[in-house]
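Enquirer: I'd like to ask you about the structure that follows.
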Amino acid sequence: MPRHGILIIDMLNDFAHPDGVLFCPNNRTIIPTLQKLINWVRKRNAEGKDDIQLIFILEVHREKDADFRVRPVHAVKGTWGSDFIEELRPEKGEYIVQKRRHSAFAHTDLDLYLR
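Count along the sequence shown starting at 1, add 3, and that's the number in our numbering.
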């Protein structure tokens with residue numbers, strides 16, 4: 004059973020792809036490091052060392068979300084913008100937490116999962 008979790012937070016097209024609505028260029032700089040870390044965990048898991056769990060955080064909004072009163076429309080559920088960037092996609096069986104607000108703990112099961 005995993006004793007540690009590594010959270011990959013909001014590495015979505017709308018935030019980490021140059022065509023994203025809220026693209027942050029600094030997100031691109033951490034991709035190679037995250038890829039190395041993810042590959043290291045996946046390799047450990049393949050070897051039966053399952054003490055580390057990858058947890059991917061996915062921001063998804065409804066089409067007329069209140070958040071869009073203060074920010075551009077972004078990460079609408081089911082759109083390209085709300086999908087993970089190609090470089091950092093979770094694999095089958097890796098845990099994904101969907102959030103509707105900025106905190107991955109607010110109204111999600113992340114806290115329960117980590118316990």
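Where a beta carbon is used, it is the ideal one built from N, C-alpha and C, also for glycine. This one's a predicted model, so the numbers in the text were calculated from it and none came from an experiment.
Give me the Cα-Cα distance between Q56 and F87, rounded to the nearest whole angstrom.
Expert: Stepping through the sequence shown from its first residue, residue 56 is reached at position 53. Stepping through the sequence shown from its first residue, residue 87 is reached at position 84. Rounded to the nearest angstrom, the two C-alpha atoms are 18 Å apart.
Enquirer: Can you tell me whether V63 is helix, strand or coil according to DSSP?
Expert: Walking along the sequence shown from the start, residue 63 turns up at place 60. Three-state DSSP puts V63 in coil, outside helix and strand.
Enquirer: By how many angstroms is the C-alpha of E97 removed from the C-alpha of V24?
Expert: Position 21 of the sequence shown, counted from the start, is the residue given in the question as residue 24. Position 94 of the sequence shown, counted from the start, is the residue given in the question as residue 97. C-alpha separation (whole angstroms): 27 Å.
Enquirer: Taking three-plus beta-carbon pairs below 8 Å as touching, is the region 65-73 in contact with the region 34-49?
Expert: Touching, no, given that fewer than three Cβ pairs across the two stretches are closer than 8 Å.
Enquirer: Mapping DSSP to helix, strand and coil, what is I88?
Expert: Numbered from its first residue, the sequence shown carries residue 88 at position 85. Of the three classes helix, strand and coil, the one that applies to I88 here is coil, per DSSP.
Enquirer: Considering only the alpha carbon of each residue, which of P93, G81, V100 and A49 lies closest to D17?
Expert: Numbered from its first residue, the sequence shown carries residue 17 at position 14. Closest option to D17, Cα to Cα, is G81.
Enquirer: Given this structure, state the Cα-to-Cα distance separating K46 from N29, to the nearest angstrom.
Expert: By 1-based counting over the sequence shown, the position of residue 46 is 43. By 1-based counting over the sequence shown, the position of residue 29 is 26. Straight-line Cα distance between these residues: approximately 27 Å.
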